[in-house]
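Since the structure comes first, as structure tokens, the remarks are kept for the end.
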Amino acid sequence: MAQRPTGYGGQGFSLRGEKDRFVLPPAFRKDFADKGDDRVLCLAKHERWPCLKGFSLSLTETFEQMLDREEEAALRRQQDFDRELRGMQLWGFVEVPFDASGRFVLPEHIADLGDVGDALYFQGGTPFLTLWNPDRLAQMGTGWEQAQANCRTLETAARAKGKGK
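Structure (structure tokens):
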């Protein structure tokens, strides 16, 4: 049987709601359930981009293999690789519980790292999903056009729905 991909697919958007909570979009909640994980969203600052990355606890089982691959690639390119620093980046996440409806409270220090305001755009990818401040995503350059368009569309719909309440 073919191995299931470990990544996350799709996009989503959440405005900060009552009780200061965001909502993990349904497609991502399904990804977590498919991986057999409890309702825990692991969050950390992305190493290269001005956003947060999220993943399920089950991904931690692959961290040593990731480190091995990244170290081998750096050696092939004759570049330095700080395995300890990279390991701290991978393992430096916080565990954030979410309820059956996907609601979660973003810890303030993590929100600060991601420059999160009143909205989050979720972008699937492999092996992490990314969580963006829409304004920061809009500042990204070439190659980000699809994510930027998706974010604008989802944000417009979420804000229109919010005004209807």
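Here this note's numbering is used: the first residue of the sequence shown is 4, the next is one more, and so on. Positions of the beta carbon are idealized from the N, C-alpha and C atoms, including for glycine.
1) Taking the C-alpha atoms as reference points, what is the distance between D121 and Q81?
2) Three-state secondary structure (DSSP) at L157?
3) Pull up the DSSP beta-bridge partners for F107, would you.
4) Determine, using beta carbons only, whether V26 and G117 come nearer to each other than 7 Å.
5) Return helix, strand or coil for F125, following the three-state DSSP convention.
6) Just the Cα atoms here: how many angstroms apart are P28 and E158?
7) Span of the alpha helix (DSSP H) holding P100?
8) Quick check: the Cα distance between T133 and R155, rounded to an integer number of angstroms?
9) To the nearest angstrom, report how far apart G20 and A76 are at their CA atoms.
10) What separation, rounded to the nearest whole angstrom, lies between the Cα atoms of D85 and L70?
11) Would you give the residue range spanned by the alpha helix (DSSP H) that W94 belongs to?
12) Which first and last residues belong to the alpha helix (DSSP H) in which Q68 is found?
13) To the nearest angstrom, how far is it from the Cα of C45 to the Cα of L60?
14) Could you please give me the residues that DSSP links to K166 through a beta bridge?
15) What is the DSSP secondary structure of S59, counted as helix, strand or coil?
16) Return the chain-ordered list of same chain residues with a C-beta closer than 6 Å to the C-beta of K164, the five sequence neighbours on each side being excluded.
17) Can you give me the C-alpha to C-alpha distance between R32 and G10, rounded to a whole angstrom?
The relevant details are as follows:
1) Working through the sequence shown from its first residue, we reach residue 121 at position 118. Working through the sequence shown from its first residue, we reach residue 81 at position 78. Going from the Cα of D121 to the Cα of Q81 covers about 43 Å.
2) Walking along the sequence shown from the start, residue 157 turns up at place 154. Reduced to three states, the DSSP call for L157 is helix.
3) If you number the sequence shown from 1, residue 107 lands on position 104. BP columns for F107 point to F25.
4) The residue given as residue 26 occupies position 23 in the sequence shown. The residue given as residue 117 occupies position 114 in the sequence shown. Contact flag unset, no.
5) As a working note, residue 125 is residue 122 in the sequence shown. Strand, per DSSP.
6) Working through the sequence shown from its first residue, we reach residue 28 at position 25. Working through the sequence shown from its first residue, we reach residue 158 at position 155. Cα to Cα, P28 sits roughly 13 Å from E158.
7) As a working note, residue 100 is residue 97 in the sequence shown. No alpha helix (DSSP H) holds P100; the beta strand (DSSP E) holding it covers 97-100.
8) What you label residue 133 is simply residue 130 of the sequence shown in a count that begins at 1. What you label residue 155 is simply residue 152 of the sequence shown in a count that begins at 1. The alpha-carbon atoms of T133 and R155 are separated by roughly 16 Å.
9) Locating residue 20 in the sequence shown gives position 17, where the first residue counts as 1. Locating residue 76 in the sequence shown gives position 73, where the first residue counts as 1. Each residue's alpha carbon lies about 43 Å from the other.
10) Taking the first residue of the sequence shown as 1, we reach residue 85 at position 82. Taking the first residue of the sequence shown as 1, we reach residue 70 at position 67. Straight-line Cα distance between these residues: approximately 10 Å.
11) Along the sequence shown, one-based indexing puts residue 94 at 91. Note, W94: alpha helix (DSSP H), 86-94.
12) In the sequence shown, the residue the question calls residue 68 occupies position 65. Segment 66-79, the alpha helix (DSSP H) holding Q68.
13) For this step, residue 45 is matched to residue 42 along the sequence shown. For this step, residue 60 is matched to residue 57 along the sequence shown. For C45 and L60, the distance between alpha carbons rounds to 7 Å.
14) Here residue 166 corresponds to residue number 163 of the sequence shown, with the count starting at 1. Answer is none; K166 lacks a bridge partner.
15) Your numbering for residue 59 matches position 56 in the sequence shown. In the structure shown, S59 sits in coil (DSSP, three-state: anything other than H, G, I, E or B).
16) One-based indexing of the sequence shown puts residue 164 at position 161. Correct list: empty, nothing qualifies.
17) Locating residue 32 in the sequence shown gives position 29, counting from the first residue. Locating residue 10 in the sequence shown gives position 7, counting from the first residue. When rounded, the distance between both Cα atoms is 13 Å.
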